[in-house]
Amino acid sequence: SDLLGSDARTLTNHDAHAMSTWKNAVPRREHRERAQPQQRQRLGLLEKHKDYRRRAQDFHAKEKRLRLLRERAALRNPDEFYYGMEHTSRTRPLRNEESRQSGPRTAEQALLARSRDAAYLAMKAATERCKAVRIRERRSAVLAVQAHRTHVRFADSDDELDVGVEEDHSESKMTPARGNIRPSTAATRDLAELEQRELRERTMRSLIAQLDMERLVMGRGRKRRIQPARGEQPAVYRWKKQRAR
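By the count of our numbering, the sequence shown reaches residue 260 at its end, each step adding exactly one.
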């Protein structure tokens, strides 16, 4: 009986192995990607019928909605009144409606807005400073090259030396070709750009100081202004001393 049981188990395993091998040998369906001719590759994947159905349904849904809105606008009574008209304007209705719905900002929201503004201005000021440093480095390199620039000309006689000097003078008087920028023009342009960058950085730094002072003034504690704002300098306040616990 044991021998018969072992033979049966062997046959069962053999049949299972044969079935799995036969199942793997059967050709299966090939899942291809969306075919597109080579000359139409620039148009993307080939559109199938389901893509067309989804696109058509979306288009008709939007078309139906627009038609309904046009009908409502055509059938609307011009003398109709609703309470939203009291808080809107004909020039900028969206802005007034949003401001009415949002309501006045709280102190925490105002502080957060000023902090974000200060962070943005600090980022822009750092950008202007980096650009100004890059311009200064470029100007320093150009000035260093011009300081060490020499023109050596070898001549066998005094006549050849005189001819070379005349050629140098004639070349210096010639107008540069189109597309070439004179060194003086480039230096002037860099200097003007450097002044603009520095002015922007100073302006942003002063705005950051003003925002920081406004944020401190909006905070807690009794304070007194001892100096008004002067130009780019913010106002100066003095806070009442509080005893630390």
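In this text, a Cβ means the ideal position worked out from N, Cα and C, and glycines have one as well.
Reference residue i; option with closest CA among the options
| i | options | result |
| --- | --- | --- |
| residue 126 | 242, 231, 245, 219 | 231 |
| residue 239 | 247, 227, 253 | 253 |
| residue 65 | 80, 49, 77 | 49 |
| residue 151 | 123, 203, 245 | 203 |
| residue 249 | 237, 87, 259, 219 | 219 |
| residue 234 | 59, 78, 93, 124 | 124 |
| residue 237 | 255, 102, 222, 244 | 255 |
| residue 155 | 209, 142, 68 | 209 |
Whole-angstrom C-beta distance between residue j and residue i, which should lie under 8 Å
| i | j | result |
| --- | --- | --- |
| residue 229 | residue 140 | With 8 Å as the limit, residue 229 and residue 140 do not qualify as a contact, their Cβ atoms being about 18 Å apart. |
| residue 242 | residue 251 | 4 Å |
| residue 226 | residue 133 | 4 Å |
| residue 147 | residue 212 | 4 Å |
| residue 61 | residue 51 | 5 Å |
| residue 205 | residue 153 | 7 Å |
C-alpha gap between residue i and residue j, whole angstroms
| i | j | result |
| --- | --- | --- |
| residue 74 | residue 82 | 12 Å |
| residue 136 | residue 224 | 10 Å |
| residue 195 | residue 201 | Any reading at residue 195 needs caution, since the residue's pLDDT is 49, under 50, leaving its predicted position unreliable; the model's value is listed next. Answer to the nearest angstrom: the Cα atoms are 10 Å apart. |
| residue 246 | residue 129 | 20 Å |
| residue 89 | residue 97 | 18 Å |
| residue 207 | residue 131 | 31 Å |
| residue 36 | residue 45 | 19 Å |
| residue 221 | residue 121 | 25 Å |
| residue 149 | residue 142 | 11 Å |
| residue 77 | residue 55 | 30 Å |
| residue 138 | residue 58 | 41 Å |
| residue 259 | residue 103 | 50 Å |
| residue 70 | residue 79 | 14 Å |
beta-carbon residue i near the ligand MG non-hydrogen atom, thresh 7 Å
| i | result |
| --- | --- |
| residue 143 | Here there are no bound small molecules, and the ligand MG is not part of this structure. |
Span of the alpha helix (DSSP H) around residue i
| i | result |
| --- | --- |
| residue 67 | 64-89 |
Residues that residue i bridges to, as DSSP identifies them
| i | result |
| --- | --- |
| residue 252 | 240 |
| residue 131 | For residue 131, which the question treats as bridged, DSSP gives no partner whatsoever. |
| residue 245 | 248 |
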